[in-house]
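Note that the working numbering has the sequence shown beginning at 10, numbered continuously upward. One structure below.
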Amino acid sequence: DDDDEEEEEENNIARSKVIDSEDEDDDGDSSLDLEKEQYAFTKCEQRFQPLMKRLQESNDGSKDVDDVLLCIDTMVDNIELLTPSFIQEYQIGRLVKEVRGSFEG
Numbered sequence: 010d011d012d013d014e015e016e017e018e019e020n021n022i023a024r025s026k027v028i029d030s031e032d033e034d035d036d037g038d039s040s041l042d043l044e045k046e047q048y049a050f051t052k053c054e055q056r057f058q059p060l061m062k063r064l065q066e067s068n069d070g071s072k073d074v075d076d077v078l079l080c081i082d083t084m085v086d087n088i089e090l091l092t093p094s095f096i097q098e099y100q101i102g103r104l105v106k107e108v109r110g111s112f113e114g
């Protein structure tokens, strides 16, 4: 099972989105900052995309309350990994609101 997780993580790295830098400095610091931001963004994708997929699947069909709660708890436990660029790109807040609404209604 660990081998499957490692393989999935490697596949996710290969599919990671590349973020663009809007603020370029002439001193070269921006490329280092962009590298750090890209690394953080990729780690965020690796952790949150599978959780978001499970939430979406629960929202679309199964309505598995226990799985939704587990996903949300895991997201909360990993909140320090979230980056502004990930939130903007993937609209994670919108997904959580949609799922919450589907269970409330």
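Even for Gly, the Cβ is constructed at its ideal location relative to N, Cα and C. Remember, predicted model here, so these are calculated numbers, not experimental data.
Any idea if residue i is buried or exposed, counting beta-carbon neighbours within 10 angstroms, 16 or more meaning buried?
i, result
"E33", "Its pLDDT being 47, under 50, E33 is placed unreliably in this model, and the value from its coordinates should be taken loosely. Exposed."
"V108", "buried"
"L64", "buried"
"V77", "buried"
"E89", "exposed"
Figure out for me which residue from the options has the closest Cα to the Cα of residue i.
i, options, result
"N87", "K52, F112 and R63", "K52"
"I101", "Q47, F57, K26 and K45", "F57"
"K45", "S94, P59 and L104", "S94"
"K106", "D42, N68, Q55 and D38", "N68"
"Y99", "K62, K72, E66 and L41", "K62"
Look at residue i and residue j and say whether their C-beta atoms are less than 8 Å apart.
i, j, result
"F50", "T83", "no"
"F112", "V85", "no"
"C5", "L60", "Look at the range of the chain in this structure, 10 to 114, and you will see that residue 5 is not part of it."
"Q55", "V27", "no"
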